[in-house]
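In my numbering, the protein residues as written are -16 to 285.
If you want it as structure tokens, here you go:
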């Protein structure tokens, strides 16, 4: 990210972030590739492009943050200002879903950069001190889901995006703990702070998950399946935060749904290839957004 090409991209970071946040981008790219008969895989090209651009944005924001988080506040002005309890209506719900989708791509870009350039400069576009505010964005989705999910397929998919982001943020915190600390900062202290950030995130979000499960049996099964998938994904990544959260999660799941044995006892199929895991996450998010975009078509898609 120190080439002359980056100088050309730097002035378009805001537009780049809008591109990765646009739910319809993947569908537009897929349709364009079909029309042009491009020899690329139409279901994966858009997601790979978004991740590549997210790496550029993540590095630029990281370099511009310094100690006052100036860059992230400039490009994501809503990050530290989640909706208040009195503001949580349909408009705020869909805005939070959009923000979480955008953050998911940005974290994917950051984690992909770290996986490809191990030992190089840290790529942390989202400061750890934003964790509690991000949790509040997620809580808006969890609390509003029972009512808002009836609105459209886009709203129904919000729970998928919420849990997918939760997984990415957990991995992001663990990667931050393992990455070289910033200048003049104690490595052990920073690593502990990063892990605590991940645990604090879950301490804030879990009550809303329990509240969501209290609605009806269908909601219980839906949430439990998301939590189980999350647990298996974190287990595959050898997550230390996952180990600390098991005592809290298992009773919640076991009391409502039979847990797959792999979550409890299978330690032999751990996902040692972190890059492949990120590719899998990219594909899952892309397929979900393609599906939502195809069903939900506003009068103007830009």
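All C-beta atoms, glycine included, are put in the ideal place defined by N, C-alpha and C. Fair warning: this is a prediction, and the values are worked out from it, not measured in the lab.
Cut-off 6 Å between Cβ atoms - residues of its own chain near residue i, not counting five sequence neighbours on either side
i, result
"residue 34", "91, 92, 95, 265"
"residue 65", "116, 119, 120"
"residue -10", "none"
"residue 12", "29"
"residue 274", "none"
"residue 131", "76, 138"
When the options are compared against residue i, the one with the closest alpha-carbon
i, options, result
"residue 177", "121, 110, 203, 268", "110"
"residue 222", "189, 257, 192, -9", "257"
"residue 133", "73, 101, 144, 212", "73"
"residue 153", "195, 196, 217, 86", "217"
"residue 123", "191, 262, 40", "191"
"residue 76", "189, 140, -8", "140"
"residue 272", "80, 70, 46", "80"
"residue 82", "62, 97, 70", "62"
"residue 127", "105, 101, 69", "69"
"residue 112", "-8, 32, 51, 125", "51"
Beta-carbon proximity list for residue i, same chain, < 7 Å, skipping 5 on both sides
i, result
"residue 2", "8, 36"
"residue 209", "142, 146"
"residue 38", "92, 95, 96"
"residue 44", "54, 55, 58, 108"
"residue 202", "129, 195, 196"
"residue 71", "123, 126, 127"
For residue j and residue i, believed in contact at Cβ under 8 Å, the rounded distance
i, j, result
"residue 6", "residue 276", "5 Å"
"residue 150", "residue 233", "Actually they do not touch by this definition, with Cβ atoms about 17 Å apart."
"residue 49", "residue 129", "Not a contact, Cβ separation roughly 42 Å."
"residue 148", "residue 87", "5 Å"
"residue 195", "residue 206", "6 Å"
Residue-chain proximity (residue i, chain B), Cβ-Cβ < 8 Å
i, result
"residue 264", "Although the question refers to chain B, the structure presented lacks it and comprises just one protein chain."
Own chain residues within Cβ distance below 8 Å of residue i, not counting five before or after
i, result
"residue 40", "-4, -1, 0, 3, 58, 89, 92, 108"
"residue 30", "9, 265, 266, 268, 269"
"residue 78", "61, 66"
"residue 161", "174"
"residue 98", "257, 258, 261"
"residue -7", "43"
"residue 263", "none"
Do three or more CB pairs link the stretch 173 to 185 to the stretch 155 to 162 at distances below 8 Å?
-> yes
Are three or more beta carbon pairs between the stretch 219 to 236 and the stretch -9 to 6 nearer than 8 Å?
-> no
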